[in-house]
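Visitor:
Residue numbers (the numbering used here): 12 to 215.
1. My assumption, with CB atoms under 8 Å, is that residue 77 sits in contact with residue 108. Please give the rounded CB distance.
2. Does the region 28-41 come close enough to the region 157-174 to have 3 or more Cβ pairs within less than 8 Å?
3. Quick check: what's the CA-CA separation for residue 74 versus residue 114?
4. Can you have a look at residue 139 and say buried or exposed, based on whether 16 or more other CB atoms are within 10 angstroms of its CB?
5. So for residue 112, helix, strand or coil by DSSP?
6. Is it true that the CB of residue 124 sits closer than 8 Å to the CB of residue 87?
7. Per DSSP, which one or two residues make a beta bridge with residue 191?
8. Can you tell me whether residue 90 is helix, strand or coil according to DSSP?
9. Hey, how far is the Cα of residue 152 from the Cα of residue 66?
10. Give me the Cα-Cα distance between residue 95 and residue 172, rounded to the nearest whole angstrom.
11. Over the uninterrupted alpha helix (DSSP H) stretch that includes residue 70, give me the two end residues.
12. Would you mind sorting residue 45 into buried or exposed? The rule is 16 or more other CB atoms within 10 Å of its CB.
13. Just the C-alpha distance for residue 33 and residue 53, rounded to the nearest angstrom, thanks.
14. Using only the alpha-carbon positions, how far apart do residue 220 and residue 112 sit?
15. Suppose the cutoff is 7 Å on Cβ atoms and the five residues either side in sequence are ignored; what does the same chain contact list for residue 128 look like?
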């Protein structure tokens, strides 16, 4: 059985500190995109982009890294169980990571993975991006997004900023897994100038 566990995870970077205990969790309210007002088109593009978020972050960063906060067997939150009510699994692992760009944590991601996937398609992930396997395996289908807001302080970040996140289901056969991603304060999803300029250049 795959199990990675760290009691406390701290990243102190030049402009932001991520300081949280595993599992950080995401006990928030989720809504369909039609039921929530997204502040601007730039953020909306990031929230509803169906491509690989890992690849998008990598393309905008001169230095990319994935930091594993922890992974272990866990009972999902009630809001996660409600999304998994038709699932073929009763045992899950929670996996939490940070996607970092230019030495800054840009994305907090929490995945709820059926044990059946941990024992097969998604075994021994370690610090390998989960998205790399999901997007390279055409057998997985993806659901529509749900969106949320959260406070930066929920992640041990000294900021009063409201953060935005999204989640969706990836399904294979009778098993589904949740992938939830929250854009942290220095994520390019909020339009930081340097990364926004780089993204604009790539679109030309």
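Note that CB positions come from ideal geometry on N, CA and C, so glycine has one too. The structure presented is a predicted model; accordingly, all values stated were derived computationally and were not measured.
Guide: Walking through what the data contain:
1. Position 66 of the chain shown, counted from the start, is the residue given in the question as residue 77. Position 97 of the chain shown, counted from the start, is the residue given in the question as residue 108. Confirmed, about 6 Å.
2. yes
3. For the purposes of this step, residue 74 is taken as the residue at position 63 of the chain shown. For the purposes of this step, residue 114 is taken as the residue at position 103 of the chain shown. If I take the Cα positions, the gap works out to 7 Å.
4. Locating residue 139 in the chain shown gives position 128, where the first residue counts as 1. By the neighbour-count rule (16 or more Cβ atoms within 10 Å), residue 139 is not buried but exposed.
5. Here residue 112 refers to the residue found at position 101 when the chain shown is read from its first residue. DSSP places residue 112 in strand when its eight states are reduced to three.
6. If you number the chain shown from 1, residue 87 lands on position 76. If you number the chain shown from 1, residue 124 lands on position 113. Cβ distance not < 8 Å, so residue 87 and residue 124 don't count as in contact.
7. Mapped onto the chain shown, residue 191 falls at position 180. In DSSP, residue 191 forms a bridge with 121, 178.
8. As a first step, residue 90 is located in the chain shown; it is residue number 79 there, counting from the start. It is helical.
9. Here residue 152 refers to the residue found at position 141 of the chain shown. Here residue 66 refers to the residue found at position 55 of the chain shown. Approximately 18 Å between the Cα atoms of the pair.
10. Stepping through the chain shown from its first residue, residue 95 is reached at position 84. Stepping through the chain shown from its first residue, residue 172 is reached at position 161. Distance between the alpha carbons of residue 95 and residue 172: 30 Å.
11. Taking the chain shown and counting its residues from 1, one reaches residue 70 at position 59. Taken as a continuous stretch (DSSP letters only), the alpha helix (DSSP H) holding residue 70 covers 64-71.
12. Residue numbering aside, residue 45 sits at position 34 when the chain shown is read from its first letter. It counts as exposed.
13. Taking the first residue of the chain shown as 1, we reach residue 33 at position 22. Taking the first residue of the chain shown as 1, we reach residue 53 at position 42. Residue 33 and residue 53: Cα-Cα distance of roughly 31 Å.
14. Not covered by the structure: residue 220. The range shown for the chain is 12 to 215.
15. Translated into positions along the chain shown, residue 128 becomes position 117. Here the set comprises 186, 188.
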